[in-house]
Amino acid sequence: MPALISLLRTEKGSRRGVLEQKLHSLFPAVPILPRTETNAWEHCDFVGAIRQTKCQSLILAGIGLDPAAVFTALTAVSQGYQVFMVIGEEEEKTVVTESVIQQMILAGVCLISWKTLAFVLHRDWCLPTSSSVLDLFSEYE
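Heads up, the sequence shown is in this note's numbering, so the first residue is 1470 and it goes up one at a time.
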């Protein structure tokens, strides 16, 4: 499965943050595309990289329901992509978050928890990677 990481930066050339270093350590072969646009779909390198994968389904995640992830998900759906947006089970339930969730659902974004996504992607619990996936669940319970 192709992967792409894009991080919003408020300044060009800003130093790597903790999140970027962690993502790079987890996905060393995946390039990290820095951008200044809130909506990643407005960044030509991001859109080009997505199109190059030839995938029609995208899995997007952000830090909570941040505008960058939400705007990107809504725009990708409007461009004909099937979008799965990973949201935390612990998302604070406020009128605003409920409104954002409803807006995404009405637009066609499929909301999914990270645990459900792990089950969907892993599929077979006889695989040698099963213990690592279960360890992940234990670590973040």
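Backbone N, C-alpha and C define an ideal beta-carbon position, used for all residues, glycine too.
How would you call residue i, buried or exposed, if buried means at least 16 neighbouring beta carbons within 10 angstroms?
i	result
Ala1545	buried
Met1573	buried
Ser1607	exposed
With a threshold of 6 Å on Cβ separation, who are the neighbours of residue i within its own chain once the five nearest residues in sequence on each side are excluded?
i	result
Leu1473	Ala1518
Mapping DSSP to helix, strand and coil, what is residue i?
i	result
Ile1581	strand
Val1499	coil
Arg1504	strand
Met1470	coil
Leu1596	coil
Ile1574	helix
Ile1556	coil
Ile1519	helix
Would a C-beta distance cut-off of 7 Å place residue i and residue j closer than the cut-off?
i	j	result
Ser1526	Gln1548	no
Leu1534	Val1564	no
Val1555	Trp1510	no
Cys1524	Phe1553	no
Ala1537	Thr1507	yes
Got a sec? Which residues, its chain only, sit under 7 Å from residue i by beta carbon, not counting five neighbours each side?
i	result
Val1487	none
Asp1514	Leu1502
Just the Cα atoms here: how many angstroms apart are residue i and residue j?
i	j	result
Pro1471	Ser1494	17 Å
Ala1542	Trp1594	30 Å
Val1539	Ser1599	31 Å
Arg1504	Leu1477	5 Å
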